[in-house]
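There are 2 protein chains.
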Amino acid sequence: MDFRNKIANISANSWEIYLPNLSIDCIVFGFHENELKVLVVKILDDEIWALPGGYILKDENLIDAANRILKDRTGAENVYLQQFRVFGDINRSEGFFQDYADDLWNKQRFVSVGFYALVDYTKVNLVVDEFSIKCEWKSIDDLPELMMDHNFIFEKALATLRKQLIHKPIGYNLLPEKFTMPELQKLYEIILSKKLNRGNFYRKMLRYNILTKLEETRKGGAHKAPDLYIFNQENYQLALKNGFNEGW
Amino acid sequence: MDFRNKIANISANSWEIYLPNLSIDCIVFGFHENELKVLVVKILDDEIWALPGGYILKDENLIDAANRILKDRTGAENVYLQQFRVFGDINRSEGFFQDYADDLWNKQRFVSVGFYALVDYTKVNLVVDEFSIKCEWKSIDDLPELMMDHNFIFEKALATLRKQLIHKPIGYNLLPEKFTMPELQKLYEIILSKKLNRGNFYRKMLRYNILTKLEETRKGGAHKAPDLYIFNQENYQLALKNGFNEGW
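In C-alpha cells:
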C-alpha cells in the first residue's frame, strides 16, 4: 500500500486516539568513531526524508509518547530524550498535504514538541516502520532535504547540543570506557565542528573534575604511550544534573 | 456572573476558536528596587491564584498567542517572552474541574507551553480581566498556593532564569541607566537568593566586557563615591544573542 492510502486509511483512527494538533519530532544524534550523524526516516513513495515523529495518545504523558514514537519508528530504545523547543508557527507544514482531503489527520495544523538525544549509534538496532522505506543515520554535514520545517528543527537541536556541551559533561556511553584526552577532545571537536586548543581543553577538562587518570597507558602507538582516563561516575552524574560549577 | 457560569458560557466558543488540548502559561518575573516578584491572577470566586494563561487561536502563531494572553490577562505589553518548557503529564490538572460537565473546554487535558520573562515591574500597567478579581505582583519568597501544577511551573521557570544568569547578561531595563557595581551585584544576589563574593563578581563581570565605566561617580553617600557604569549596548546585545564567550 502506498503512503497516501495508508495515511488516509488510519486518519479516522488517529482522530480517535491522539491529541489533535500536537506532535512530537525526535532528533537523535549518533556518535561513533569520530562521526556525528542524525537519525532520519524516508517516507513511503514520497521519496522525502523526515525526522522520526508522531503523535501523543490521549492518555499518555508527553515524555512517554516521545519514547514510544522513537522506538516504533526507528527501533531506538532506552534513549534519554530531552525536550528542547516547541515549533508553533502556523505555516510550518504549509502546502505539504495540500493534495489531500481537508479532514485528513495529517493535514491539520500541528504544534510540534522537539526532543533530542545523543547516543552511540552502534548500540541502536534500527527498524523500518510501516510508513517508511528506510531508516538511516546521515552525517550532519551531509543531511538531505527534510520534509516541512524539519531541517530547521534539526538546526535548533544541533545548536542546543552545542550549548549543552558548554555546561554539561559528555562522552559517557559514546567513548570506550578507557579513553585518552585526545580522543575526548576529538569528540568535542566533531560536535562543535571546530578545532580546539589542546592546552586549554586539558586545563578546562581537568578543572571539571570528572576524569580519573589510570595507571595504565595506551600501548602500541609510534609515539609516547598516552595516558588513559575513565569518567568519575559520581562527579560526572553530579555535573550532568547541576551543570559544571561555573555559576555565580 | 460567577466563574463557573462564565466558563460554561464561553465553552462552546472556545471549542470553536482555539486549538484543543494545548495551553500557554506565562511566568513574568518583575524586578524593581531590590525585589523580585512574579505576576499572578486571582480567579473569580474560586479564591485561588494562578499564573496568567490561556489558549492558542487556530490561526495564531504560538509566540503571538503568548503575547496576546499576557496582555489580555494582565495588561503587560512589550514583554520579551521566551518559551522554556512544555508541561505534558496527563494528571497535571487532576481533579481541578471535576465538578463541571465533561464537555467543558477547561476540563479537557491540556499540554501547556511555559513562557517566561523578566521585566521592570513598575513599567507594567496591570489590568484585571473578566475571569479574575485580582492581578498582582507577589514576592517569589512568599508565593501563595497556585492552581493545578502552577507552583511547579513557577519553580521550573525560576530555575531557568537562574541558569540564564550564568550564560547571559542581565540588568538592562531593570537597573537605572547608570548604576554601581554593588547595585548590579545586588540584582544577581536577589535573583539567585544568595550572597556573592564581591571580588569574584567584579572580576567576572569585567571579564564579560559588557560594562562601560563612566568618569562620574555616585555622589552623596557617607563612603567614598562609588564608580558608575552603563551597559555597553553593542557587547551586551551580542552576549545576549550568543551567550558569554566561555565555551570551548
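From first to last, the protein sequence lines stand for chains A and B. The letter at position 220 of the first sequence is residue 220 when you use UniProt numbering, and the numbering goes up by one with no holes. The letter at position 13 of the second sequence is residue 13 when you use UniProt numbering, and the numbering goes up by one with no holes. All C-beta atoms, glycine included, are put in the ideal place defined by N, C-alpha and C.
For B/K58, the chain A residues whose C-beta falls within less than 8 Å of its own C-beta are R109, listed in chain order.
Using a CB distance cut-off of 8 Å, A/P169 does not count as an interface residue toward chain B. Contacts with chain B at 8 Å (Cβ-Cβ) do not include A/N67.
Under the three-state reduction of DSSP output, A/F97 falls in the coil class, being neither helix nor strand. The residue among B/K163, B/E94 and B/L187 with its C-alpha nearest the C-alpha of B/P176 is B/L187. With respect to B/L36, B/I153 sits apart: the two C-beta atoms are not nearer than 8 Å. DSSP, read as helix, strand or coil, puts B/Y208 in helix.
Minimum Cα-Cα distance from B/F97 among the listed residues B/H32, B/R109 and B/L174 corresponds to B/R109. At a cut-off of 8 Å between beta-carbon atoms, A/P20 makes contact with chain B. Contact of A/R85 with chain B is assigned, a C-beta pair being separated by under 8 Å. A/L228 and A/W49 have their C-alpha atoms roughly 40 Å apart. Considered as a whole, the UniProt domain "Nudix hydrolase" (19–162) of chain A harbours 62–74 as its complete alpha helix (DSSP H) runs of no fewer than 4 residues, in chain order.
DSSP places B/L228 in the uninterrupted beta strand (DSSP E) bounded by D227 to F231. DSSP places A/F3 within a helical segment (H, G or I) once states are collapsed to three. For A/W105 against A/S11, the beta-carbon gap comes to about 4 Å, under 8 Å, which counts as contact. The straight-line gap separating the alpha-carbon atoms of B/K71 and B/E77 is approximately 6 Å.
In this structure, DSSP gives A/E215 an extended state, which the three-state scheme calls strand.
In the DSSP assignment, A/I170 falls outside any alpha helix (DSSP H), carrying neither H nor E. Counting along the chain, B/L184 sits inside the alpha helix (DSSP H) bounded by residues M181 to L192. Less than 8 Å separates the beta-carbon of B/V41 from that of B/P52. With a threshold of 16 other beta carbon atoms within 10 Å, B/D59 falls short and is exposed. Interface annotation, A/L62: in contact with chain B, CB-CB separation under 8 Å. Approximately 4 Å separates the beta-carbon atoms of B/Y116 and B/A157; this is inside 8 Å, confirming the contact. Using a Cβ distance threshold of 8 Å, A/L19 and A/I63 do not count as a contacting pair.
Under the Cβ criterion of 8 Å, A/G199 is not counted among the residues facing chain B. A straight-line Cα-Cα distance of about 12 Å links A/D89 and B/A66. With respect to the C-alpha of B/N173, the residue from B/M205, B/N235 and B/K123 having the closest C-alpha is B/K123. Taking C-alpha positions only, A/M147 is separated from B/F179 by approximately 50 Å.
The C-beta distance from B/A239 to B/K168 rounds to 6 Å, short enough to fall under 8 Å. Contact check for B/D46 and B/R92: beta-carbon distance about 17 Å, past the 8 Å limit, so the pair fails to qualify. DSSP, read as helix, strand or coil, puts A/G243 in coil. In terms of beta-carbon proximity, A/I210 stays away from the interface with chain B, with every pair separated by 8 Å or more.
Using a CB distance cut-off of 8 Å, A/I90 counts as an interface residue toward chain B. The beta-carbon of B/V79 is placed no less than 8 Å from the nearest beta-carbon of chain A. B/N209 sits away from B/N242, with the two beta carbons spaced by 8 Å or more.
Interface annotation for the region 113–139 of chain B against chain A: V113, criterion Cβ-Cβ distance under 9 Å.
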